[in-house]
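Visitor: Sequential numbering from 3 applies to the sequence shown in the numbering used here.
Idealized CB from N, CA, C, for every residue including glycine.
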Amino acid sequence: MLSPGQFGIWGPWEVGMLYQTVRSHIWYFALSDCPDELLLSMPGNKNFSYTVDYEIRWRQFDDSELSMEMRYMPMATVLALLILSAMACWFAAKSQSLRRTVGKLHPVVRSLLLAMGLQWTSQALHLLHLLDYQKDGRGLQLADGLAEVLFMLSQVGAASLLIAIAQGYSLVRSKLGEVELLVPVVVVVTVLHVALVAIGKMQSEDYKYHENEGLVGWILLLVRLSLFVWFRSGIHQLRATGGMKLQSFLQMFEIVGSAYFLAFPTIFVLVQVLAPYLQHPVLQTTLLAVQTASWLWLADLFLSKRGSYFEISELGASMLPGVGFHGYSHTKVM
Numbered sequence: 003m004l005s006p007g008q009f010g011i012w013g014p015w016e017v018g019m020l021y022q023t024v025r026s027h028i029w030y031f032a033l034s035d036c037p038d039e040l041l042l043s044m045p046g047n048k049n050f051s052y053t054v055d056y057e058i059r060w061r062q063f064d065d066s067e068l069s070m071e072m073r074y075m076p077m078a079t080v081l082a083l084l085i086l087s088a089m090a091c092w093f094a095a096k097s098q099s100l101r102r103t104v105g106k107l108h109p110v111v112r113s114l115l116l117a118m119g120l121q122w123t124s125q126a127l128h129l130l131h132l133l134d135y136q137k138d139g140r141g142l143q144l145a146d147g148l149a150e151v152l153f154m155l156s157q158v159g160a161a162s163l164l165i166a167i168a169q170g171y172s173l174v175r176s177k178l179g180e181v182e183l184l185v186p187v188v189v190v191v192t193v194l195h196v197a198l199v200a201i202g203k204m205q206s207e208d209y210k211y212h213e214n215e216g217l218v219g220w221i222l223l224l225v226r227l228s229l230f231v232w233f234r235s236g237i238h239q240l241r242a243t244g245g246m247k248l249q250s251f252l253q254m255f256e257i258v259g260s261a262y263f264l265a266f267p268t269i270f271v272l273v274q275v276l277a278p279y280l281q282h283p284v285l286q287t288t289l290l291a292v293q294t295a296s297w298l299w300l301a302d303l304f305l306s307k308r309g310s311y312f313e314i315s316e317l318g319a320s321m322l323p324g325v326g327f328h329g330y331s332h333t334k335v336m
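(1) Could you round the C-beta distance between Thr192 and Gln125 to whole angstroms and report it? I think they count as a contact, below 8 Å.
(2) Would you tell me roughly how many angstroms separate the C-alpha atoms of Asp302 and Val275, rounded to the nearest one?
(3) Leaving aside the five residues before and after Lys247 along the sequence, list all residues of the same chain whose C-beta is less than 6 Å from its C-beta, in chain order.
(4) What is the rounded straight-line gap between the Cα of His128 and the Cα of Met77?
(5) Quick check: the stretch 90–100 against the stretch 111–119, are at least 3 beta-carbon pairs closer than 8 Å?
(6) Here's a check: name, in chain order, each residue in its chain whose Cβ is nearer than 6 Å to the Cβ of Glu16, leaving out the five neighbours to either side.
(7) Using the three-state DSSP reduction, which class does Ser315 fall into: helix, strand or coil?
(8) Taking C-beta to C-beta, are Thr156 and Phe251 nearer than 7 Å?
(9) Within the continuous alpha helix (DSSP H) that includes Cys91, where are the two ends?
(10) Shortest alpha-carbon distance to Leu33 belongs to which of Val54, Leu290 and Trp299?
(11) Can you tell me which of the three DSSP states Pro109 falls into?
(12) Rounded to whole angstroms, what's the CA-CA distance from Gly159 to His195? Just pull it up for me.
(13) Tell me whether Asp64 is buried or exposed, calling it buried when 16 or more other Cβ atoms sit within 10 Å of its Cβ.
(14) Can you tell which of Pro109, Gly219 and Ser99 has its C-alpha closest to the C-alpha of Tyr171?
(15) Output the distance between the C-alpha atoms of His282 and Tyr56, rounded to the nearest integer angstrom.
(16) Measuring only the C-alpha atoms, how far is Thr103 from Leu173?
(17) How many angstroms separate the CA atom of Ala291 from the CA atom of Ala82?
(18) Relative to the C-alpha of Trp220, which candidate in Arg241, Phe266 and Ile237 has its C-alpha closest?
(19) Could you confirm whether any beta carbon from chain B is found closer than 7 Å to the beta carbon of Val190?
(20) Tell me whether Phe9 sits in a helix, a strand or coil according to DSSP, three-state version.
(21) In this structure, does DSSP put Ser26 in helix, strand or coil?
(22) Below 8 Å on the Cβ atoms is my guess for Leu107 versus Ser99; work out the distance and round it to an integer in Å.
(23) Let me make sure I understand the geometry here. Which of Tyr30, Ser228, Glu71 and Leu217 has the alpha-carbon closest to that of Ser2?
So this is what it looks like as structure tokens:
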């Protein structure tokens, strides 16, 4: 029996225990006042409805505040941080080697480094939130929100790189100014993704099984499909401009790029059939794995001196005086 406080004062805590031996479930609790005991205890007119503010604190059997779907997320986040850190060291070493060869790093390499840094920072902030949440059940809400935004920005960064290359940047259009038409669209897509993260955070958690639950997730799905169509359109137009080497590169580039753009829609739809307590960990870990794998592939693509992209793009041209870039649209000498 709960004893609510009156006139804005909290009532005393009531402590209970729930025991189960079957697989995990999401439990729902209802507050009932059928005999109107609470209503009759109120002063003044009894013919009115009332609003009850409540706070519930849950602990697992091991005294952890993390719910079942979140129990292994700290471990998964630590593993992601370790992998990203190892990739960053490898990336730095390859970048230094490339810089000694071409004189300075191309914008696509610097953009990739920035996007990877966003994901690393996102995972670090998310880990801090989870470790704090494990202790007090509240966590670091600012860190959690910022982590979601940065992770979304890293995804937008990867998508922007893929679309820019599909439009011919560094392959056919060798000048940075010719890709400026992409910038306004990328800005709009970025703002939309950040807004969707904010809306998702403001939604009530009473019915949410994961961060992209409901309308937010379906809008994200439509946005990713639109970006996929844009990517495929660029690839189709680019095929008509190059020779055999470009065609060979575009074949693998299209497969991997398409897999990246279709990853979220596919995962989002498939998790709908899973048990509610499995939806969040499956969605988060698979998205994290896809994003990390994309960084590894892009880094190898941009930094491998023997790869097809290096041979046909500006990355294969030395930035030192006297050496030109022999692209598929024209040749420039610096």
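Guide: On the basis of the data shown:
(1) Looking up residue 192 in the sequence shown gives position 190. Looking up residue 125 in the sequence shown gives position 123. Between Gln125 and Thr192 the Cβ distance is about 20 Å, and since that is not below 8 Å, they are no contact.
(2) In the sequence shown, residue 302 corresponds to position 300, counting from 1. In the sequence shown, residue 275 corresponds to position 273, counting from 1. Straight-line Cα distance between these residues: approximately 35 Å.
(3) On the sequence shown, residue 247 is found 245 positions in, with the first residue counted as 1. Correct list, in chain order: Ile314.
(4) Within the sequence shown, residue 128 is the residue found at index 126, counting from 1. Within the sequence shown, residue 77 is the residue found at index 75, counting from 1. Computed Cα separation, rounded: 12 Å.
(5) yes
(6) Position 14 of the sequence shown, counted from the start, is the residue given in the question as residue 16. Correct list, in chain order: Leu4.
(7) Translated into the one-based positions of the sequence shown, residue 315 becomes position 313. The answer is coil: DSSP assigns Ser315 none of H, G, I, E or B.
(8) In the sequence shown, residue 156 corresponds to position 154, counting from 1. In the sequence shown, residue 251 corresponds to position 249, counting from 1. Sequence check: residue 156 is Ser here, not Thr. The answer is no: Cβ separation not under 7 Å.
(9) Taking the sequence shown and counting its residues from 1, one reaches residue 91 at position 89. Run containing Cys91: Met75 to Val104, per the alpha helix (DSSP H) assignment.
(10) Along the sequence shown, read from residue 1 onward, the residue named residue 33 stands at position 31. Among Val54, Leu290 and Trp299, the Cα nearest to that of Leu33 is on Val54.
(11) Residue numbering aside, residue 109 sits at position 107 when the sequence shown is read from its first letter. Helix, per DSSP.
(12) The sequence position of residue 159 within the sequence shown is 157, counting from 1. The sequence position of residue 195 within the sequence shown is 193, counting from 1. Between Gly159 and His195, the C-alpha separation is close to 11 Å.
(13) Translated into positions along the sequence shown, residue 64 becomes position 62. Counting Cβ neighbours within 10 Å, Asp64 comes out exposed, since fewer than 16 surround it.
(14) Working through the sequence shown from its first residue, we reach residue 171 at position 169. Nearest option by C-alpha distance: Pro109.
(15) Start at 1 with the first residue of the sequence shown, and residue 282 comes out as number 280. Start at 1 with the first residue of the sequence shown, and residue 56 comes out as number 54. Distance between the alpha carbons of His282 and Tyr56: 25 Å.
(16) For this step, residue 103 is matched to residue 101 along the sequence shown. For this step, residue 173 is matched to residue 171 along the sequence shown. If you take the alpha carbons of Thr103 and Leu173, they lie about 19 Å apart.
(17) As a working note, residue 291 is residue 289 in the sequence shown. As a working note, residue 82 is residue 80 in the sequence shown. When rounded, the distance between both Cα atoms is 8 Å.
(18) Within the sequence shown, numbered from 1, the residue matching residue 220 stands at position 218. The residue with the shortest Cα to Cα distance from Trp220 is Phe266.
(19) Chain labels in this structure do not include chain B; a single protein chain is all it has.
(20) As a first step, residue 9 must be located in the sequence shown, where it is residue number 7. The answer is coil: DSSP assigns Phe9 none of H, G, I, E or B.
(21) Along the sequence shown, one-based indexing puts residue 26 at 24. Three-state result, Ser26: coil.
(22) Indexing the sequence shown from 1 puts residue 107 at position 105. Indexing the sequence shown from 1 puts residue 99 at position 97. Actually they are not in contact, since the Cβ atoms of Leu107 and Ser99 sit about 11 Å apart, beyond 8 Å.
(23) The first residue shown for the chain is 3 and the last is 336, placing residue 2 beyond what the model contains.
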